[in-house]
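Beneath this line is the structure, given in structure tokens, with notes to follow.
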Amino acid sequence: MKARVHVTLKDGVLDPQGKAIHRALETLGFAGVRDARQGKVIDLELDGADESDARQQVDRMCRQLLANTVIEDYTIEFV
Amino acid sequence: MKAALVLFPGTNRETDMADALRRAGADVVTAWHRDPELPAADLVVLPGGFSHGDYLRCGAMAARAPVMAAVVRSAERGVPVLGVCNGFQILIEAGLLPGALLKNAGLQFVCRTVHLRLERRCRLSGHLEAGDIIRVPVAHGDGNYFADRDLAARLEDEDRVVFRYVPDGRGDGNPNGSTGDIAGIINQAGNVLGMMPHPEDATGPRQQSRDALPFFEGIVDSLS
Numbered sequence: 001m002k003a004r005v006h007v008t009l010k011d012g013v014l015d016p017q018g019k020a021i022h023r024a025l026e027t028l029g030f031a032g033v034r035d036a037r038q039g040k041v042i043d044l045e046l047d048g049a050d051e052s053d054a055r056q057q058v059d060r061m062c063r064q065l066l067a068n069t070v071i072e073d074y075t076i077e078f079v
Numbered sequence: 001m002k003a004a005l006v007l008f009p010g011t012n013r014e015t016d017m018a019d020a021l022r023r024a025g026a027d028v029v030t031a032w033h034r035d036p037e038l039p040a041a042d043l044v045v046l047p048g049g050f051s052h053g054d055y056l057r058c059g060a061m062a063a064r065a066p067v068m069a070a071v072v073r074s075a076e077r078g079v080p081v082l083g084v085c086n087g088f089q090i091l092i093e094a095g096l097l098p099g100a101l102l103k104n105a106g107l108q109f110v111c112r113t114v115h116l117r118l119e120r121r122c123r124l125s126g127h128l129e130a131g132d133i134i135r136v137p138v139a140h141g142d143g144n145y146f147a148d149r150d151l152a153a154r155l156e157d158e159d160r161v162v163f164r165y166v167p168d169g170r171g172d173g174n175p176n177g178s179t180g181d182i183a184g185i186i187n188q189a190g191n192v193l194g195m196m197p198h199p200e201d202a203t204g205p206r207q208q209s210r211d212a213l214p215f216f217e218g219i220v221d222s223l224s
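These protein sequence lines are chains A and B, in that order.
The opening residue of the first sequence carries number 1 in our numbering; numbering runs sequentially from there.
The opening residue of the second sequence carries number 1 in our numbering; numbering runs sequentially from there.
Next up, the structure:
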């Protein structure tokens with residue numbers, strides 16, 4: 001089973017990398033981009049077949065290591 | 001008085017830190033990230049560097065290393081703990097200090113001397129007095145201290161901001177966008193101090209100032 005974790009900065013947390021990407025897109029002539037935020041994707045290959053067990057386990061992984069919940073949100077999807 | 005330096009793969013300021021502690025009169029021992037216990041010590045120090053290549057988040061891997069369980073136990077027993085730069089990032093990731101350290105607001109790695117004001121005396125302020133301004137280098141890419149409004153208010157109410165960036169002669173102050181110009185904070189119990197600037201690099205010859213020598217001398221004296 002494969003899980004994909006998306007980690008993104010919470011709203012209100014300054015994202016200077018996202019701002020730099022936004023400016024670079026404007027430099028390239030892409031108009032109409034209102035904002036850019038950068039995040040991370042972490043793919044996990046898991047043993048077992050029970051998605052709800054796996055979701056609980058990945059949720060614990062996110063809280064303990066993969067995300068810093070002071071500044072980041074995370075979502076888990078199974079792919 | 002004995003200080004234990006905690007080392008991780010990628011720590012690189014341990015020699016400077018050991019020099020500063022020895023100049024102040026301390027004996028220095030080291031612990032490695034896989035050690036399950038710390039050597040007996042009066043002070044635990046996490047020096048700077050780029051532990052585990054800053055993978056995932058600065059300090060994230062180091063904070064989950066076996067030795068950190070021992071650091072947390074020592075802190076809970078009341079042993080003084082000092083974390084500088086990456087050491088500060090590790091203390092935050094380990095939950096010993098609140099908040100987070102984000103990428104510098106200007107995106108650039110900042111390497112220069114800053115002016116730091118001691119906001120309050122504490123167990124880990126050495127011979128410095130409140131209001132003293134010392135010249136100390138910073139060298140970091142992720143030193144932007146983030147505290148949401150509630151945490152920022154709590155830190156101020158509880159008088160836990162120990163060091164703050166103040167403008168130097170050219171008017172340059174906060175180098176990284178930190179909330180409230182915060183450069184260093186202490187935990188509620190008053191025995192765990194984390195700071196981004198490098199006081200160890202302002203203690204001896206061939207360094208730009210020796211302003212931080214009284215900081216180390218006072219800490220060592222108080223624990224001897």
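Ideal Cβ positions, reconstructed from N, Cα and C, are used throughout, including at glycine.
The beta-carbon of K2 of chain B is placed no less than 8 Å from the nearest beta-carbon of chain A. By the rule that beta-carbons nearer than 8 Å mark a contact, Q17 of chain A touches chain B. Of the residues B:V136, B:R164, B:L91, B:L97, the one whose Cα lies closest to the Cα of G59 of chain B is B:L91. Unbroken beta strand (DSSP E) stretches of 3 residues or longer found wholly inside the segment 11-37 of chain B: 27-32, given in chain order.
For A60 of chain B, the chain A residues whose Cβ falls inside 8 Å of its Cβ are L65, N68, in order along the chain. Contact of A65 of chain B with chain A is not assigned, every C-beta pair being separated by 8 Å or more.
In the DSSP assignment, M195 of chain B falls within the beta strand (DSSP E) that extends over 192-195. Among the residues of chain B, none has a CB under 7 Å from the CB of L44 of chain A; the nearest is roughly 13 Å distant.
Residues of the segment 9-42 of chain A with a Cβ closer than 7 Å to any Cβ of chain B, in chain order: V13, L14, P16, Q17, A20. Counted as a single uninterrupted DSSP element, the stretch harbouring H22 of chain A is not any beta strand (DSSP E) but the alpha helix (DSSP H) occupying residues 16-27. For F88 of chain B, no Cβ of chain A is located within less than 8 Å of the residue's own Cβ. Assignment of I71 of chain A by DSSP, reduced to helix, strand and coil, places it in the coil class. Chain B has a Cβ within less than 8 Å of the Cβ of I71 of chain A.
In the three-state scheme derived from DSSP, where H, G and I count as helix and E and B as strand, A36 of chain A is classed as coil. In the structure shown, the three-state DSSP call for G218 of chain B is helix.
Residue pairing for H115 of chain B: DSSP places it in a beta bridge opposite B:R135, B:V166. In the DSSP secondary-structure assignment, E77 of chain A is bridged to A:R4. Leaving aside the five residues that flank V44 of chain B on each side, the residues in its chain whose CB is nearer than 8 Å to its CB run, in chain order, A3, A4, V6, L38, V71, S74, A75, V79, P80, V81, L82.
Among the CB atoms of chain A, one or more fall inside 8 Å of the CB of R57 of chain B.
Using beta-carbon distances, A70 of chain B does not count as an interface residue toward chain A, since no partner is under 8 Å. Take I186 of chain B, set aside five residues on each side of it, and the residues of its chain with a beta-carbon closer than 6 Å to its own are C122, R160, V162, L193, in chain order. Residues of chain A with a Cβ closer than 8 Å to the Cβ of A153 of chain B do not exist, since the nearest Cβ in that chain sits about 16 Å away. DSSP, read as helix, strand or coil, puts V71 of chain B in helix.
Shown here for N191 of chain B: same chain residues with a beta carbon closer than 8 Å to its own, the five before and five after excluded, namely A75, G78, V79, P80, V81, R123, L124 in chain order. Put simply, of A:E26, A:R37, A:A31 the residue whose alpha carbon is nearest the alpha carbon of D73 of chain A is A:R37. The beta carbon of F50 of chain B sits no closer than 8 Å to any beta carbon of chain A. According to DSSP, A100 of chain B shares a beta bridge with B:F146. Cβ atoms of L96 of chain B and N144 of chain B stay farther apart than 8 Å, at about 19 Å. Interface residue (Cβ-Cβ distance to chain A less than 8 Å): G180 of chain B is not classified as such.
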